[in-house]
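J.: One structure, as structure tokens, below. Some questions next.
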Amino acid sequence: MAASSYAEVSIDAELDYEGAVYFNDSLNPEIDQNVNNSVSAEMEMYTEWADGTQSLTFKPFYRYDEMDDERTHGDIRELMWHQVADEYELKVGIGKVFWGVTESAHLVDIVNQTDSVESLDGEEKLGQPMVQLLIERDWGNLDLFVLPYHRGRTFAGPDARLSTGFELADAVYESDDEEGNIDIAARFYSYVDDFEYAVSAFHGNSRELVLGVFSPDGNPSNITALQPYYPTITQLGLEVQYLIEGWAWKVEAIHRDGMIKDQSVFVTPVASVIGESESYFATVAGFEYTQVGIFETRWDLGWVAEHLYDSRQEDASFGAFEHDLLLGTRWVANDEASSELLAGILYDYEYQDYSLSLEGNTRIMNGLSLELEARIFAPASDNPQFDFRDEDFVKLTLTYYL
Amino acid sequence: MKKLLIGLLLASTALTGFAQTPEEKGLAIAIEGDKRGEGFVDSQVKLKMVLIDAKGRESTRDMRVKTMEGQGEGGDKSLMVFDTPKDQKGVAMLTFTHKTKSDDQWLYLPALKRVKKISSRNKSGPFVGSEFAFEDISSQEVEKYTYKYLRDETIDGQDCYVVESDPVDKYSGYKRRVAWIDKEHYRALKIDFYDRKDSLLKTLTNSEYKLYLDKFWYPSLSEMKNHQTGKATRLVYENYEFKVGLKSKEFTKNSLKRAK
Numbered sequence: 001m002a003a004s005s006y007a008e009v010s011i012d013a014e015l016d017y018e019g020a021v022y023f024n025d026s027l028n029p030e031i032d033q034n035v036n037n038s039v040s041a042e043m044e045m046y047t048e049w050a051d052g053t054q055s056l057t058f059k060p061f062y063r064y065d066e067m068d069d070e071r072t073h074g075d076i077r078e079l080m081w082h083q084v085a086d087e088y089e090l091k092v093g094i095g096k097v098f099w100g101v102t103e104s105a106h107l108v109d110i111v112n113q114t115d116s117v118e119s120l121d122g123e124e125k126l127g128q129p130m131v132q133l134l135i136e137r138d139w140g141n142l143d144l145f146v147l148p149y150h151r152g153r154t155f156a157g158p159d160a161r162l163s164t165g166f167e168l169a170d171a172v173y174e175s176d177d178e179e180g181n182i183d184i185a186a187r188f189y190s191y192v193d194d195f196e197y198a199v200s201a202f203h204g205n206s207r208e209l210v211l212g213v214f215s216p217d218g219n220p221s222n223i224t225a226l227q228p229y230y231p232t233i234t235q236l237g238l239e240v241q242y243l244i245e246g247w248a249w250k251v252e253a254i255h256r257d258g259m260i261k262d263q264s265v266f267v268t269p270v271a272s273v274i275g276e277s278e279s280y281f282a283t284v285a286g287f288e289y290t291q292v293g294i295f296e297t298r299w300d301l302g303w304v305a306e307h308l309y310d311s312r313q314e315d316a317s318f319g320a321f322e323h324d325l326l327l328g329t330r331w332v333a334n335d336e337a338s339s340e341l342l343a344g345i346l347y348d349y350e351y352q353d354y355s356l357s358l359e360g361n362t363r364i365m366n367g368l369s370l371e372l373e374a375r376i377f378a379p380a381s382d383n384p385q386f387d388f389r390d391e392d393f394v395k396l397t398l399t400y401y402l
Numbered sequence: 001m002k003k004l005l006i007g008l009l010l011a012s013t014a015l016t017g018f019a020q021t022p023e024e025k026g027l028a029i030a031i032e033g034d035k036r037g038e039g040f041v042d043s044q045v046k047l048k049m050v051l052i053d054a055k056g057r058e059s060t061r062d063m064r065v066k067t068m069e070g071q072g073e074g075g076d077k078s079l080m081v082f083d084t085p086k087d088q089k090g091v092a093m094l095t096f097t098h099k100t101k102s103d104d105q106w107l108y109l110p111a112l113k114r115v116k117k118i119s120s121r122n123k124s125g126p127f128v129g130s131e132f133a134f135e136d137i138s139s140q141e142v143e144k145y146t147y148k149y150l151r152d153e154t155i156d157g158q159d160c161y162v163v164e165s166d167p168v169d170k171y172s173g174y175k176r177r178v179a180w181i182d183k184e185h186y187r188a189l190k191i192d193f194y195d196r197k198d199s200l201l202k203t204l205t206n207s208e209y210k211l212y213l214d215k216f217w218y219p220s221l222s223e224m225k226n227h228q229t230g231k232a233t234r235l236v237y238e239n240y241e242f243k244v245g246l247k248s249k250e251f252t253k254n255s256l257k258r259a260k
């Protein structure tokens, strides 16, 4: 048998240990935990055949969390068959797609559901079942998607840190096909020299949820759970990035139709009241300015400023940024350990409150990396995020690559 | 552009009756060196990058590079994929070299599935923590420098031209480079890099040259020594393969995402 006629499978794996310390006692008297341990494992199996024009990737993920049963979860991050033909590429299976250019928010990014128990920055995603057709020409790239199944967003359980303190009821959908609704999406992207742009469209089950309330007996004063509700939406997205000298100018904008206000959803076992749908737009725009080799060292220093706006203003959904400003600085050591640190302040100039974040990573040795994340929340008492005021934490993650 | 330069060169040689100025001679050497590298069509190579700190401690990275020769006005295209360090596995960089404007460069981060355009302003910055700057590893087009022939010199028993080249781009980290180019094969055996203040910053030594396809000389070892920090970076190349039939669609943004 010729060596090339059997498929070679490459296997990679990584193991994480994560330790988190919360500075304050939880507002929920039933939670007495200020230190949390968690471990996770991710494996990637890859094989290709037909001269590399076809491949299969399988990437399962599992996390165990000592405190939170909702955070103890598994997911198929990827199970994808990929074919590269002369005129197109086709992907069928479960996968992940990223859209966007900005730092503080990922407005445009809509194909995958956020795995929010994994991280608060919205960058960890659940695997999305999809058929993706990619067309790449001199004039640009066109990606077309059929998304036949919706994943519900993950949330911390009621007796865990970083939670709302409420149980979540089973999700309700506007679509009669519920999570089986066939969503569609498309994105065109191209560039001219240092000017890059993308336009995208999506129609189907919203990835962002509307947070309503659930009453088991229809009595509005007997609310036993928060009610996730996924309306059918249409979203148009725009991404622009322009690099000039040390500047990277960035804009993301969305127009969304079909979203519903939080709290306007009231669900009982027999009947539901769903508020009026509305359309709105949201933007994030700003820049990153990078100084290369500061103070005669190898270091780069980046300055990030972004403005976030949501046309719904105070009626915006729980997780939205209505009127905020991100100011941050990124330090890149350019050392053999690839050390980096990003510090930021997100300031809400209407509520006049802020949150601070620090994210960093370095390599201890080949195969062992260390990551740091710290967040401090200082919400104003009339801010919907007020319940997070005592959830400040520092988290260290050790990752071992097999 | 190259044709134009050669035309100008011939015209000026004709006028001065072979009494070349140092600038003309320097440019002629650069053009001849470039010409000797032409016609490789495409190549692929595996290499090991060894970072050596001032105390002699080493850390290594493994990568693969595919290159496709530019046609006419277009420069070379290259795709570099990292195998180690393990946390960087699958990180890939796509570069479109241009002769007169800034190169286009994109980085793919597999964990985020994100393709990021890299600013050409970064060219003087260290490449993955090494002593090589981005501009040192990108394809060297004749048009990116102005030249001046300095003198003849013999190193390691090989007769060399010593040629100064000054970067055209104001964002280069160098004021000038001085290269020792052997007269027989036009190979750069050694290059001194002078920083913006004109003090000696680094020296690149290329050695263990091998001849491929009876025409192309490539070094198997390149060592960059930083005189100001005492650090060094060694590039160890495995055998090059040429004319492997790479296609231009292997050098696109989509190809970055599937580069394994």
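Here the protein sequences come in this chain order: A and B.
Mind the numbering: the first sequence is residues 1 to 402 in the working numbering, read in order.
Mind the numbering: the second sequence is residues 1 to 260 in the working numbering, read in order.
For every residue, glycine included, the Cβ atom is placed at its ideal position computed from N, Cα and C.
Source: prediction; values computed, not measured.
(1) Could you give the distance in angstroms between the alpha-carbon of residue 208(A) and the alpha-carbon of residue 134(A)?
(2) Please tell me whether residue 309(A) has its Cβ less than 9 Å away from any Cβ of chain B.
(3) Using only CA atoms, which one of 45(A), 217(A) and 127(A) lies nearest to residue 57(A)?
(4) For residue 245(A), return the contacting residues in chain B, with the cut-off set at a CB-CB distance below 7 Å.
(5) Assuming residue 185(A) and residue 201(A) form a contact by the criterion Cβ under 8 Å, report the distance between their Cβ atoms to the nearest whole angstrom.
(6) Whose C-alpha, out of 305(A), 250(A) and 218(A), is nearest the C-alpha of residue 270(A)?
(7) Let me check one thing: in DSSP terms, what residues is residue 195(A) bridge-paired to?
(8) Based on the DSSP secondary-structure assignment, which residues constitute the bridge partners of residue 162(B)?
(9) Closer than 9 Å, CB to CB, is residue 390(A) near chain B or not?
(10) Please tell me whether residue 231(A) and residue 260(A) are closer than 9 Å, where the distance is taken between their beta carbons.
(11) Please check if any C-beta of chain B sits within less than 9 Å of the C-beta of residue 4(A).
(12) Hey, could you find the ends of the alpha helix (DSSP H) residue 35(B) is sitting in?
(13) Please list, in chain order, the chain A residues whose beta carbon lies closer than 7 Å to that of residue 85(B).
(14) Taking the straight line between their C-alpha atoms, what separation do you get for residue 199(A) and residue 226(B)?
(15) Verify whether the separation of the beta carbon atoms of residue 95(A) and residue 109(A) is less than 9 Å.
(16) Who are the neighbours of residue 248(A) on chain B, taking C-beta pairs under 7 Å?
(17) Could you list which residues in chain A have their beta carbon closer than 8 Å to that of residue 113(B), in chain order?
(18) Starting from the C-beta of residue 1(A), find all residues in its chain whose C-beta is less than 6 Å away, skip the five residues before and the five after it, and write them out in chain order.
(19) Which residues of chain B have a Cβ atom closer than 9 Å to the Cβ of residue 298(A), listed in chain order?
(20) Given that a residue counts as buried once 16 or more other Cβ atoms are within 10 Å of its Cβ, and exposed if not, what is residue 107(A)?
(21) With a CB to CB cut of under 7 Å and the five nearest residues on each side skipped, what residues in its chain are close to residue 8(A)?
(22) I'd like the span of the beta strand (DSSP E) that includes residue 133(A), first residue to last.
(23) Less than 9 Å between CB atoms is the rule here; does residue 173(B) satisfy it with respect to chain A?
(24) Can you pull the chain A residues whose beta carbon is under 7 Å from the beta carbon of residue 89(B), in chain order?
(25) Give me the subset of the stretch 61-92 of chain A whose CB atoms are less than 9 Å from a CB atom of chain B, sorted by chain position.
(26) At the 9 Å Cβ level, is residue 95(B) part of the contact set with chain A, yes or no?
(27) Between residue 246(B) and residue 80(A), what straight-line distance do the alpha-carbon atoms span, to the nearest angstrom?
(28) Scan the stretch 44-73 of chain B for residues whose Cβ lies nearer than 8 Å to a Cβ of chain A and list them as they occur along the chain.
(29) Determine the chain A residues that contact residue 234(B) at a beta-carbon separation under 9 Å, and present them in chain order.
(30) Quick one: list the residues of chain B neighbouring residue 293(A), beta-carbon separation under 9 Å, in chain order.
(31) Taking residue 198(B) and residue 178(B) to be in contact with their CB atoms under 8 Å, please state how far apart those CB atoms are, rounded to whole angstroms.
(32) Helix, strand or coil: which one does DSSP assign to residue 324(A)?
(33) Report yes or no: is there a C-beta of chain A within less than 9 Å of the C-beta of residue 104(B)?
(34) Do you know offhand how far residue 318(A)'s Cα is from residue 388(A)'s?
(35) At a Cβ threshold of 9 Å, is residue 1(A) touching chain B?
(36) Among the residues of its own chain, which have a CB less than 6 Å from the CB of residue 7(B), if the five just before and after it don't count?
T.: A quick look at the data gives this:
(1) Numbered from its first residue, the first sequence carries residue 208(A) at position 208. Numbered from its first residue, the first sequence carries residue 134(A) at position 134. Each residue's alpha carbon lies about 25 Å from the other.
(2) For this step, residue 309(A) is matched to residue 309 along the first sequence. So, not an interface residue.
(3) Working through the first sequence from its first residue, we reach residue 57(A) at position 57. For residue 57(A), the nearest C-alpha among the options comes from 45(A).
(4) As a working note, residue 245(A) is residue 245 in the first sequence. The answer, in chain order, is 121.
(5) Translated into positions along the first sequence, residue 185(A) becomes position 185. Translated into positions along the first sequence, residue 201(A) becomes position 201. Right, the Cβ-Cβ distance comes to about 7 Å (below 8 Å), so this counts as a contact.
(6) Within the first sequence, residue 270(A) is the residue found at index 270, counting from 1. The residue with the shortest Cα to Cα distance from residue 270(A) is 218(A).
(7) Within the first sequence, residue 195(A) is the residue found at index 195, counting from 1. In the DSSP output, where bridge partners are listed per residue, residue 195(A) has 192(A) and 242(A).
(8) Locating residue 162(B) in the second sequence gives position 162, counting from the first residue. Its beta-bridge partners are 151(B) and 180(B).
(9) On the first sequence, residue 390(A) is found 390 positions in, with the first residue counted as 1. Residue 390(A) does not count as touching chain B.
(10) Start at 1 with the first residue of the first sequence, and residue 231(A) comes out as number 231. Start at 1 with the first residue of the first sequence, and residue 260(A) comes out as number 260. Going by C-beta atoms, residue 231(A) is nearer than 9 Å to residue 260(A).
(11) What you label residue 4(A) is simply residue 4 of the first sequence in a count that begins at 1. With a pLDDT of 47 at residue 4(A), under the threshold of 50, the predicted position of this residue should be treated as unreliable, though the coordinate-derived value follows. No, because no Cβ of chain B sits closer than 9 Å to the Cβ of residue 4(A).
(12) Along the second sequence, one-based indexing puts residue 35(B) at 35. Per DSSP, residue 35(B) belongs to the alpha helix (DSSP H) from 22-36.
(13) As a first step, residue 85(B) must be located in the second sequence, where it is residue number 85. Going along chain A in sequence order, the residues near residue 85(B) (Cβ under 7 Å) are 363 and 366.
(14) Position 199 of the first sequence holds residue 199(A). Position 226 of the second sequence holds residue 226(B). If I take the Cα positions, the gap works out to 45 Å.
(15) Numbered from its first residue, the first sequence carries residue 95(A) at position 95. Numbered from its first residue, the first sequence carries residue 109(A) at position 109. For residue 95(A) and residue 109(A), no; Cβs fall outside 9 Å.
(16) Taking the first residue of the first sequence as 1, we reach residue 248(A) at position 248. 119, listed in chain order.
(17) Residue mapping note: residue 113(B) aligns to position 113 of the second sequence, counting from 1. Chain order gives the chain A residues near residue 113(B) as 96, 97 and 98, where near means a beta carbon separation below 8 Å.
(18) Working through the first sequence from its first residue, we reach residue 1(A) at position 1. In this prediction, residue 1(A) scores a pLDDT of 37, lower than 50, which makes its location untrustworthy; the coordinate-derived value is nonetheless stated afterwards. Within the same chain, residue 1(A) has no close Cβ partners at all.
(19) For the purposes of this step, residue 298(A) is identified with residue 298 of the first sequence, where counting begins at 1. Going along chain B in sequence order, the residues near residue 298(A) (Cβ under 9 Å) are 125, 126, 129 and 229.
(20) Residue mapping note: residue 107(A) aligns to position 107 of the first sequence, counting from 1. Buried: at least 16 other Cβ atoms inside 10 Å.
(21) In the first sequence, residue 8(A) corresponds to position 8, counting from 1. Excluding residues within five positions, the ones whose Cβ falls inside 7 Å are 47.
(22) Within the first sequence, residue 133(A) is the residue found at index 133, counting from 1. Note, residue 133(A): beta strand (DSSP E), 128-137.
(23) By 1-based counting over the second sequence, the position of residue 173(B) is 173. Judged by the 9 Å Cβ criterion, residue 173(B) is in contact with chain A.
(24) For the purposes of this step, residue 89(B) is taken as residue 89 along the second sequence, with counting starting at 1. Those are 12, listed as they occur along chain A.
(25) Those residues of the stretch 61-92 of chain A that come within reach of chain B (Cβ to Cβ, closer than 9 Å) are 82, 84, 86 and 89.
(26) Walking along the second sequence from the start, residue 95(B) turns up at place 95. False, the Cβ-Cβ gap to chain A never drops below 9 Å.
(27) Along the second sequence, read from residue 1 onward, the residue named residue 246(B) stands at position 246. Along the first sequence, read from residue 1 onward, the residue named residue 80(A) stands at position 80. Taking the straight line from one Cα to the other gives about 25 Å.
(28) 51, 53, 59 and 60
(29) Within the second sequence, numbered from 1, the residue matching residue 234(B) stands at position 234. Among the residues of chain A, none has a CB under 9 Å from the CB of residue 234(B); the nearest is roughly 13 Å distant.
(30) On the first sequence, residue 293(A) is found 293 positions in, with the first residue counted as 1. By Cβ distance, chain B contributes 124, 125, 126 and 173.
(31) Numbered from its first residue, the second sequence carries residue 198(B) at position 198. Numbered from its first residue, the second sequence carries residue 178(B) at position 178. Not quite, the Cβ-Cβ distance comes to about 11 Å (not below 8 Å), so this is no contact.
(32) The residue labelled residue 324(A) in the question sits at position 324 within the first sequence. Of the three classes helix, strand and coil, the one that applies to residue 324(A) here is strand, per DSSP.
(33) Translated into the one-based positions of the second sequence, residue 104(B) becomes position 104. Yes - at least one Cβ of chain A is within 9 Å of the one on residue 104(B).
(34) Your numbering for residue 318(A) matches position 318 in the first sequence. Your numbering for residue 388(A) matches position 388 in the first sequence. Approximately 12 Å, taken between the alpha carbons.
(35) As a working mapping, residue 1(A) is identified with position 1 in the first sequence. Residue placement at residue 1(A) cannot be trusted, given a pLDDT of 37 that sits under 50; what the coordinates show is reported in the next sentence. Answer no: the Cβ-Cβ gap between residue 1(A) and chain B never drops below 9 Å.
(36) To locate residue 7(B), count along the second sequence from 1; it is residue 7. Residue confidence is low: residue 7(B) scores 49 on pLDDT, short of 50, so the model does not pin down where it sits. Its coordinate-derived value is still stated next. Result list for residue 7(B): empty, nothing under 6 Å.
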